[in-house]
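According to our numbering, the residues represented by the sequence shown are 41 to 310, in order.
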Amino acid sequence: MDEQLSRWLGLREAADARARSDRLTRVIVDSLPAAGPIHVVDLATGTGANVRYLSPRLPSPQRWLAVDRSADLLDELRGKTTAPGCAIEVRQVDLGSLTDHSIFAGQQLVTASALLDLVSKPWLQALAWHCREEGASALFTITYNGRSSYDPPDLEDAMVRELFNRHQHRDKRLGGPAAGPDAVDATERCFTKAGYRVAREPSDWVLEPESADMQRMLIDGWAEAATEVAPDRASRIADWRGRRLAHVDARRSHLTVGHDDLAAWLPRTI
Ligand SMILES: C[S@@+](CC[C@H](N)C(=O)[O-])C[C@H]1O[C@@H](n2cnc3c(N)ncnc32)[C@H](O)[C@@H]1O
């Protein structure tokens, strides 16, 4: 069981829901066919947070295909995701190469949350063409854009952020070196090239002192990644982590983590 990932997804679900762009969800709803069941695939669904967010906001009935490589996360999804008017098929799939078109066949909406910064630029290009082949709309949310800010400020914030952003480009076995903070720009280019109209909106996490557990996990993750990139700065990074965690413990830490949502749809031909 990928317990740490499951715990992380549980912690972030409410922050993701608060951050997401309502407007882009509505843009995508308007792009969907008016009649018949809506067919949707959620890529790298994890425990299904994106299904739980979108299903009450899309027209019913809906037919979902929720895919992820983790059988344990998919089991958790089954246990906690029920939505009236929605049939949800859950499938264990490795999205590493994205060469298999079958998960896209017949879909009217392709969606993913917290995925695109993990994948490579060629993967994004393949994604756009899979969507185009089906004429599907696309909604990609909570993609990290590299722009985070922390309060109270610390002299080492910029150094850790820069190292973490470099780490974000490491290969996650999703088609090569990850697009990381460049993912939303690259996605916009790929979908525009495939003939889509594209809209973007910020979907930053704004974490107040009450989100202490999530803040601790973020700070630990940033420090660990930064140390992997620059082991020679390990002690400076550890000191930074200590100071940031002390702000969290004292309930005075505010973190803003930059994300973007992106919607893509094909112009109607009448
Ligand atoms: C940051 S989580 C996001 C999960 C979910 N979309 C959410 O918003 O809560 C990234 C997800 O990508 C999945 N993943 C990573 N590599 C994958 C691969 N090669 N094939 C399929 N899923 C993968 C992980 O199992 C994890 O569930």
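The beta carbon of each residue, even a glycine, is placed where N, CA and C say it ideally should be.
Practice problem: Compare the C-alpha of Ala319 against each of Ala106, His79, Ile143, Arg97 and name the closest. | Solution: For residue 319 there is no data in the structure shown, the boundaries of the chain being 41 and 310.
Quiz item: Among the residues of its own chain, which have a CB less than 6 Å from the CB of Leu295, if the five just before and after it don't count?
Solution: In the sequence shown, the residue the question calls residue 295 occupies position 255. If we look at Leu295 and ignore the five residues flanking it on each side, its Cβ neighbours are Tyr190, Leu247, Gln255.
Practice problem: Taking only heavy atoms of ligand 1 into account, decide whether any of them is closer than 7 Å to the Cβ of Asp65. | Solution: Here residue 65 is taken as the residue at index 25 of the sequence shown, counted from 1. Just to set this straight, residue 65 is Thr in the shown sequence, not Asp. Checking the Cβ of Thr65 against ligand 1 gives no.
Self-check item: Runs of alpha helix (DSSP H) lying entirely within the segment 251–305, each at least 4 residues, in chain order
Solution: 252–269, 274–289
Practice problem: Would you identify the three-state DSSP class for Gly186, choosing helix, strand or coil? | Solution: Within the sequence shown, the letter at position 146 stands for residue 186. Assignment of Gly186 by DSSP, reduced to helix, strand and coil, places it in the strand class.
Self-check item: Closest residue to Trp104 among Ala166, Ala127, Ala303, His141 (Cα-Cα distance)
Solution: For the purposes of this step, residue 104 is taken as the residue at position 64 of the sequence shown. For Trp104, the nearest C-alpha among the options comes from Ala127.
Quiz item: For chain C, is any of its Cβ atoms less than 8 Å away from the one on Ser177?
Solution: Annotation note: the requested chain C is absent from the structure, which comprises a single protein chain.
Quiz prompt | Ala152 - containing beta strand (DSSP E), residue span | solution = By one-based count along the sequence shown, residue 152 stands at place 112. Its beta strand (DSSP E) spans residues 149–153.
Quiz item: Rounded to whole angstroms, how far is the Cβ of Val81 from the Cβ of Phe144, which I believe are closer than 8 Å?
Solution: If you number the sequence shown from 1, residue 81 lands on position 41. If you number the sequence shown from 1, residue 144 lands on position 104. Yes, they are in contact, since the Cβ atoms of Val81 and Phe144 sit about 7 Å apart, within 8 Å.
Quiz prompt | Anticipated Cβ contact below 8 Å, Leu113 with Leu45, distance rounded | solution = Position 73 of the sequence shown, counted from the first residue, corresponds to residue 113. Position 5 of the sequence shown, counted from the first residue, corresponds to residue 45. With a Cβ gap of about 7 Å, Leu113 and Leu45 count as contacting.
Quiz item: From Ala54, Trp245, Asp62, Lys161, pick the residue whose C-alpha is nearest to that of Ala303; which is it?
Solution: If you number the sequence shown from 1, residue 303 lands on position 263. Answer by Cα proximity: Asp62.
Quiz item: Nearest-angstrom Cα distance between Val67 and Ile277?
Solution: Start at 1 with the first residue of the sequence shown, and residue 67 comes out as number 27. Start at 1 with the first residue of the sequence shown, and residue 277 comes out as number 237. For Val67 and Ile277, the distance between alpha carbons rounds to 42 Å.
Self-check item: Any non-hydrogen atom of ligand 1 closer than 7 Å to Val224 Cβ
Solution: Residue 224 sits at position 184 when you count from the first residue of the sequence shown. No.
Quiz item: Can you name the residues that DSSP bridges to Ile128?
Solution: For the purposes of this step, residue 128 is taken as residue 88 along the sequence shown, with counting starting at 1. DSSP lists Trp104 as the beta-bridge partner residues of Ile128.
Quiz item: Going by DSSP, what residues sit across from Ile78 in a beta bridge?
Solution: Here residue 78 corresponds to residue number 38 of the sequence shown, with the count starting at 1. Bridge partners of Ile78: Gln102.
Quiz prompt | Best match in Leu138, Gly186, Tyr236 for proximity to Leu214 [C-alpha to C-alpha] | solution = Here residue 214 refers to the residue found at position 174 when the sequence shown is read from its first residue. Among Leu138, Gly186, Tyr236, the Cα nearest to that of Leu214 is on Leu138.
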